[in-house]
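Engineer: Please read through the structure below; I'll follow up with questions.
Protein chains: 2
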Amino acid sequence: MANMKEIAKLAGVSLGTVSHVLNNSARVREPMRQRVLAAVQQAGYQPSELARGLRRDKTNMIGMIMPDITNPFFPAVVRGAEDVAFSNGYRLILCNTDNDHSKELVHLNELRSYLPAGLIVIPSNFSDLTTQAESYRKVGTGVVCIDRLPRNWKGDSVTADNEDGAYHATQQLIRLGHTRLATIAGPLHLTNAKERLDGFKRAVREARVHLGPEYIQETTFDKQGGYLKTNLLLRLIPRPTAIFAGNDMIALGALLAIREAGLHCPRDISLMGFDDLDLAETTNPSLSSVSQSGYQLGTTAARILIDRIQGDTSPARHVVLETSLHLRDSVASPPEIATGPSTPAKRTRRRKQAAATPA
Amino acid sequence: MANMKEIAKLAGVSLGTVSHVLNNSARVREPMRQRVLAAVQQAGYQPSELARGLRRDKTNMIGMIMPDITNPFFPAVVRGAEDVAFSNGYRLILCNTDNDHSKELVHLNELRSYLPAGLIVIPSNFSDLTTQAESYRKVGTGVVCIDRLPRNWKGDSVTADNEDGAYHATQQLIRLGHTRLATIAGPLHLTNAKERLDGFKRAVREARVHLGPEYIQETTFDKQGGYLKTNLLLRLIPRPTAIFAGNDMIALGALLAIREAGLHCPRDISLMGFDDLDLAETTNPSLSSVSQSGYQLGTTAARILIDRIQGDTSPARHVVLETSLHLRDSVASPPEIATGPSTPAKRTRRRKQAAATPA
DNA sequence: CTGTTTTTCTGAAACGTTTCATTTTTCCGT
DNA sequence: ACGGAAAAATGAAACGTTTCAGAAAAACAG
């Protein structure tokens, strides 16, 4: 491929001038500028990002580190990030950690040798990101953390309003008449799982409903976890009439367990999920869920990162995205109260606006 | 970050020696080698991939170009590719084309400036990949094409055995007694959609079933397409008793249309999908589908690419992966033949082994 | 016109590697 | 112990940019 030297010769100018034209790094008089541009055009010249990165000590690549692209919530996040990154001239390097913090560490270290402009990270379990990000920041590389935060995270972050979403979802169950509530939370060392449980608890507390500890289960964020814990919950006496699941995968497992137990959702038991994955509307019954926009998570993170790259040095931003409640067929009034066919109409309730908390 | 010069000084050797130790590019006596390794260890040195790529005229990045990571079939492909790429020291750069060939072209061009070691591409609609790949290959960059092939593709490829999968799925419907078959194919300019239709037709022909052209519909690979075309099919007289959908998204739309028409699947009409997405087992009824491994598609492509990078110059390989039939609740015998509760047991039938066709 | 200031342009150094032609060291046979 | 061959180590050039100090050109004031 052509290089700058050839362009310089072709345009009859010096190397430096070509560079200045290409980067607007100095005034160049119009006729000369045009000659350069013409030569670039003619040769189909593209600057080498490698040489550029080497010289500038920074490339236009953004490392995206996440647990597993195969998890149905994450692709939208990646897509969001890629869209704004690409349109600003940045490329995404994808890394899967499988929620293993040592694998995360490996990625974090190896990415250094590419001098990425920034990092977008969905931290793994027990992530040590806080320390690592410090060392990245020292060399001027931004790191923004999304979806969930590692211990002591002080940097930029974008998350959903998990507490609020869970609170309103639970409140809705209570409003329908449920008093025997249960929840299956995700791993509580993850901030998002913890916040959702907190929201659930707040709604329960405010409604002055008493709940034995056995009605609050913790498990992994997957179908199997939901299945096993639901089997436990279904054996409790009295049996819960509504389950709030920490995410849709858990809810899916719960649905399976409910069906296997010969029970019927929502007649015998209501079910609420979190994330509002695509599959929520195709299950049987369709799954009510707290909706959060993965895409927006991604775009927002990329936006912040690019701002930082371009010199924004304001204090750490903590963007919290609104959620909305998506009611479908999996929730209804509890058996004792049920009045005829009690499937509430599909509807969506908006939550508070996204809030950016500077400092 | 430390560079080679510092390591050289630290170890008391020359720059070249450090490089030779790191790359095994020349014999270095053991004591010296040890001193270098120790210095590397001590300084936590990592070679700059930028400098390395610049000098070698090739990086260890692999460009992965696909329509949309948000399409539920693709994340597994990416994951497969990333797994074998990463474990061989390569990184994945992700690009979405939205099935737009001009966007694909942009990506193809911009990726050049990173000197990627190779490209894995799921071509967009009307892709001009064949031409582009030629110019990449000229500079020693491998390109492997997966899932579907652009016009005149002669290079390495990995695809599923679409024809065979569709053939056996259709055969199964026929075996159950269906004679009024219909299919909703994907966009027929895509090779995979075309092959699936071919398989369908072959099974129909072999069974000596006659099918009017109105029983064969073409649409986009999405829910909406399936929904609309199913509405058409349901109005035909006689109404088809089984629909083979070009993929699971189309099947999903079909399911919706069937339900809305007041019909019941599989009692009134059987439905078969393709891809066997995760959601196939959570729909109501669960969806029978031709299963193909996206993950394997990804790993195989990456494997081939890395072989090429390491100097494999054998003729183009065309790997065709087996599919398997995943029967669930959405298929049963047609109404006229039905004998009691006719839900066939869940089972999986293996198809022929993966075949590599060297040239 | 001339000297000064301002603007534009140039050329070389530097970024951190790999690689190749040389030099230095080691090894071996006599 | 010596000379020559083989092996090991070295140093500089090159990859394609950006950037900086300085040269050249233009603009301006008197």
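Heads up: the sequence lines are chains B and H, in that order. When the count follows our numbering, it moves up by one through the first sequence with no breaks and lands on 1185 for the last residue. When the count follows our numbering, it moves up by one through the second sequence with no breaks and lands on 1185 for the last residue. For every residue, glycine included, the Cβ atom is placed at its ideal position computed from N, Cα and C. These figures come from a predicted structure and were not determined experimentally.
For Val940 (chain B), decide whether its Cβ has a neighbour in chain H, counting only Cβ atoms nearer than 9 Å.
Structural biologist: According to the sequence displayed, residue 940 (chain B) carries Tyr and not Val. Output row for Tyr940 (chain B): interface = yes.
Engineer: Determine whether the beta carbon atoms of Leu999 (chain H) and Val1157 (chain H) lie at a separation below 9 Å.
Structural biologist: Yes, the pair counts as a contact, with Cβ atoms nearer than the cut-off.
Engineer: Could you compute how far the alpha carbon of Gly892 (chain H) sits from the alpha carbon of Gly1038 (chain B)?
Structural biologist: It is Met, not Gly, that sits at residue 892 (chain H) in the sequence shown. One C-alpha to the other measures close to 50 Å.
Engineer: Near Gly879 (chain B), what residues of its chain come up, given a Cβ to Cβ distance below 7 Å and the 5 sequence neighbours on each side ignored?
Structural biologist: Excluding sequence neighbours, Gly879 (chain B) sits near Thr885 and Leu941.
Engineer: Since Thr1126 (chain B) is in the alpha helix (DSSP H), which residue starts that stretch and which ends it?
Structural biologist: Counting along the chain, the alpha helix (DSSP H) containing Thr1126 (chain B) begins and ends at Gly1120 to Ile1135.
Engineer: Could you confirm whether any beta carbon from chain B is found closer than 9 Å to the beta carbon of Ile833 (chain H)?
Structural biologist: No - not a single Cβ of chain B is within 9 Å of the one on Ile833 (chain H).
Engineer: Please identify the residue among B:Ala911, B:Asp1133 and B:Leu836 whose C-alpha is closest to the C-alpha of Gly870 (chain B).
Structural biologist: Considering only alpha carbons, the answer is B:Leu836.
Engineer: Apart from the five residues on each side of it in sequence, which residues of its chain come closer than 7 Å, Cβ to Cβ, to Leu1131 (chain B)?
Structural biologist: Within the same chain, Leu1131 (chain B) has close Cβ partners Ile888, Gly944, Ile946, Gly968 and Val970.
Engineer: State the DSSP-derived secondary structure class of Asp924 (chain H), mapped to helix, strand or coil.
Structural biologist: Coil at Asp924 (chain H), not helix or strand.
Engineer: List, in chain order, every chain B residue whose beta-carbon is nearer than 7 Å to that of Glu908 (chain H).
Structural biologist: Within 7 Å Cβ-Cβ: Leu920 and Asn922.
Engineer: If you follow the beta strand (DSSP E) that Ser1140 (chain H) is part of, which residue opens it and which one closes it?
Structural biologist: Per DSSP, Ser1140 (chain H) belongs to no beta strand (DSSP E) and is neither H nor E.
Engineer: Sort B:Val932, B:Leu1153 and B:Ala992 by Cα distance to Ala1019 (chain B) and report the nearest one.
Structural biologist: Considering only alpha carbons, the answer is B:Ala992.
Engineer: Report buried or exposed for Ile919 (chain B), applying the criterion of at least 16 other Cβ atoms within 10 angstroms of its Cβ.
Structural biologist: It counts as buried.
Engineer: Chain B partners of Ser874 (chain H), CB-CB under 8 Å?
Structural biologist: Correct list: Leu880, Ser939 and Leu941.
Engineer: Would you mind telling me which residues of chain B sit closer than 8 Å to Ile895 (chain H), beta carbon to beta carbon, in chain order?
Structural biologist: Those are Ile895, Pro901, Val904, Arg905 and Glu908, listed as they occur along chain B.
Engineer: Compute the Euclidean distance between the alpha carbons of Ser939 (chain B) and Leu1105 (chain H), then round it to the nearest angstrom.
Structural biologist: Straight-line Cα distance between these residues: approximately 39 Å.
Engineer: Report yes or no: is there a C-beta of chain B within less than 9 Å of the C-beta of Ala1158 (chain H)?
Structural biologist: Not one chain B Cβ lies under 9 Å of Ala1158 (chain H).
Engineer: With a threshold of 6 Å on Cβ separation, who are the neighbours of Ile1042 (chain H) within its own chain once the five nearest residues in sequence on each side are excluded?
Structural biologist: Counting only Cβ-Cβ distances below 6 Å, and skipping sequence neighbours, we find Thr1009.
Engineer: Between Gly1051 (chain H) and Phe1047 (chain B), what straight-line distance do the alpha-carbon atoms span, to the nearest angstrom?
Structural biologist: Their Cα atoms are separated by approximately 33 Å.
Engineer: Taking C-alpha atoms, which residue in H:His994, H:Glu1044 and H:Leu937 lies nearest to Ser1203 (chain H)?
Structural biologist: Here chain H has residues from 827 to 1185 only, and residue 1203 (chain H) is not among them.
Engineer: Taking only the alpha-carbon atoms, compute the straight-line gap between Leu841 (chain H) and Arg1129 (chain H) and give it to the nearest angstrom.
Structural biologist: Cα to Cα, Leu841 (chain H) sits roughly 34 Å from Arg1129 (chain H).
Engineer: Could you name the residues of the same chain whose beta carbon sits closer than 6 Å to that of Arg861 (chain H), not counting the 5 residues immediately before and after it, in chain order?
Structural biologist: The answer, listed in chain order, is Ala837.
Engineer: Name the one or two DSSP bridge partners that Leu1097 (chain B) has.
Structural biologist: Answer by DSSP bridge pairing, in chain order: B:Ile1069.
Engineer: Determine the extent of the beta strand (DSSP E) in which Ala943 (chain B) is found, giving its start and end residues.
Structural biologist: First-last for Ala943 (chain B): undefined, no H or E at that position.
Engineer: Measuring only the C-alpha atoms, how far is Pro1092 (chain H) from Leu955 (chain B)?
Structural biologist: Between Pro1092 (chain H) and Leu955 (chain B), the C-alpha separation is close to 51 Å.
Engineer: Report, in whole angstroms, the separation of the C-beta atoms of Ala1080 (chain H) and Thr1056 (chain H), which I expect to be a contact under 8 Å.
Structural biologist: Rounded, the Cβ-Cβ distance is 4 Å, consistent with contact.
Engineer: Give me, in chain order, the residues of the same chain whose beta-carbon lies closer than 6 Å to that of Cys1193 (chain H); leave out the 5 immediate sequence neighbours on both sides.
Structural biologist: Here chain H covers residues 827 to 1185 and nothing more, so residue 1193 (chain H) does not appear.
Engineer: Given that Asn914 (chain B) touches chain H, what residues does it touch there, using C-beta distances under 9 Å?
Structural biologist: Result: empty, since nearest Cβ-Cβ is about 13 Å, beyond 9 Å.
Engineer: Mapping the DSSP letters down to three states, classify Met827 (chain H) as helix, strand or coil.
Structural biologist: DSSP places Met827 (chain H) in coil when its eight states are reduced to three.
Engineer: For a quick check, are the C-beta atoms of Pro1160 (chain B) and Thr1005 (chain B) less than 9 Å apart?
Structural biologist: Yes, Cβ-Cβ distance for Pro1160 (chain B) and Thr1005 (chain B) is below 9 Å.
Engineer: From H:Gly1003, H:Arg1022 and H:Pro873, pick the residue whose C-alpha is nearest to that of Thr985 (chain H); which is it?
Structural biologist: Comparing Cα-Cα distances from Thr985 (chain H) to each of H:Gly1003, H:Arg1022 and H:Pro873, the minimum goes to H:Arg1022.
Engineer: Can you tell me where the beta strand (DSSP E) holding Val1151 (chain B) begins and where it ends?
Structural biologist: According to the sequence displayed, residue 1151 (chain B) carries Leu and not Val. Looking at the DSSP string, the run of the beta strand (DSSP E) that includes Leu1151 (chain B) is Ser1150 to Leu1153.
Engineer: Inspect the beta-carbon positions of Val866 (chain H) and Ile895 (chain H) and report whether they are closer than 9 Å.
Structural biologist: No. Outside cutoff.
Engineer: Once the 5 residues before and after Ile1069 (chain B) are set aside, which same chain residues still bring their CB inside 6 Å of it?
Structural biologist: Only Ala1008, Ala1080 and Leu1097 meet the Cβ criterion.
Engineer: Identify the residues that DSSP records as bridge partners of Arg917 (chain B): which are they?
Structural biologist: Answer is B:Met887.
Engineer: Starting from the beta carbon of Asn951 (chain H), find every residue of chain B whose beta carbon is closer than 9 Å, and list them in chain order.
Structural biologist: Within 9 Å Cβ-Cβ: nothing; Asn951 (chain H) doesn't reach chain B, min ~18 Å.
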